[in-house]
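This report refers to the structure that appears directly beneath it.
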Amino acid sequence: MEAFPDLQAHKQGRDVLLLFNDDVGATIKLATRTNYDDEAMILYKAAQIVRKDMMAMQYIFNGTFETGCQQNSVPQSLKTIVGMILGGPNIKMQSIEEQTTLTSSQLLQFNSSICRRKDSSPVFHSTEREPFLSIYLGLLLHAETRKRGLIHKMYFLGLSLSYDRIMNLSTALGNSICEAFNIENVVCPAKLRSGVFTTAAVNNIYHNPSSTTAKGSLHGTVISLFQHPVPGNVGVERLTIPIDSTVSKRENLKPLPKAYTIVPPVFLRKETCRNTNGSWSDD
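For the sequence shown, the tail end lands on 283 under UniProt numbering, and the numbers increase by one without skipping.
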């Protein structure tokens, strides 16, 4: 130490740290600037604020994806912090990445819980805090694939609702549609609007029994409906009944109107039959 007058020795436990006098100020400044304990406390407080808002959110899926449903299913504080993480504090970048921010926020909201259990691997999801993204993905996967295993994988990845929950919603949606059919006493697609000029096209359906993968033949009739709205008349939305999200998947669907399920036989009276010579007979 006598050979280096600018060198200082600092004992830290069993170690001895050698430090030049010129580096003392820079070292102290660096230590005070990067205080990891303070940063950890800032993160803890921010997480507490956001989690408080997340746990206070309550919304229940009523069977329709209304405009702005994604924005209303997550708190503003969560959207703000996720937007700042993705694009920084720049407001313009946050507006550009709005859908990405909403997607990430809904996944965080879906996989959050008040208290985690150590012995439970899957996260318990409250029906009062199911974001619309997870509902939409689950219903979409079931409608497109009907594969239970795929929905299970998406559920364990934290992206979709569970298969049982999807079955509950599917039954509830079916009961809502059937109830509307019974009230209106007509069976037609729920998307059709009233008060709009509508045309129909009838066509036959044939199933090729000679195909190598066919298991039987089929002959039926399909009816396609086309609506023609105009700028002055876009129609009126028909009756929409909110679903009962607590319905069990084992509950049977409500019956359709009798006018749709019971078709009376149609026959020609004998006196109106045409003879073989082409003339009408009353016999």
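Ideal Cβ placement from N, Cα and C applies to all residues, glycine included.
Could you have a look at residue 129 and say whether DSSP puts it in helix, strand or coil? DSSP, reduced to helix, strand and coil, places residue 129 within a strand of the structure shown.
Per the contact definition of three or more C-beta pairs closer than 8 Å, is the region 161-179 in contact with the region 126-142? The answer is yes - the region 161-179 touches the region 126-142, with three or more Cβ pairs under 8 Å.
Taking DSSP's pairing of strands, which residues face residue 223 in a bridge? Bridge partners of residue 223: 202.
Can the beta-carbon of residue 256 be found less than 8 Å from the beta-carbon of residue 183? For residue 256 and residue 183, no; Cβs fall outside 8 Å.
Smallest Cα separation from residue 84: which of 227, 169, 100, 157? When the alpha-carbon of residue 84 is set against those of 227, 169, 100, 157, the nearest one is in 100.
Identify which residue in 156, 70, 236, 64 has its Cα closest to the Cα of residue 195. Ranking the options by Cα distance to residue 195, first place goes to 236.
What did DSSP end up calling residue 160 once you bin it into helix, strand or coil? In this structure, residue 160 counts as coil in the three-state DSSP scheme.
Please classify residue 206: is it buried, with 16 or more other beta-carbons within 10 angstroms of its beta-carbon, or exposed? Exposed.
Looking only at DSSP bridge pairs, what is residue 90 linked to? None; residue 90 has no bridge partner.
Give the C-beta separation of residue 54 and residue 78 to the nearest angstrom, bearing in mind that I take them to be a contact with Cβ-Cβ under 8 Å. Contact check for residue 54 and residue 78: beta-carbon distance about 6 Å, within the 8 Å limit, so the pair qualifies.
Applying the criterion that 16 or more other CB atoms from any shown protein chain within 10 Å of the CB defines a buried residue, is residue 186 buried or exposed? Exposed, by the Cβ-count rule.
Using the three-state DSSP reduction, which class does residue 185 fall into: helix, strand or coil? In the three-state reduction of the DSSP assignment, residue 185 falls in the coil class, being assigned neither a helical nor a strand state.
Pair every Cβ in the region 162-182 with every Cβ in the region 221-234, then say whether three or more of these pairs are closer than 8 Å. Using a Cβ-Cβ distance cut-off of 8 Å, the region 162-182 and the region 221-234 are not in contact, since fewer than three pairs of beta carbons, one from each stretch, lie closer than that value.
CA nearest to the CA of residue 223, picked from 241, 233, 203, 242: Out of 241, 233, 203, 242, 203 has the C-alpha closest to the C-alpha of residue 223.
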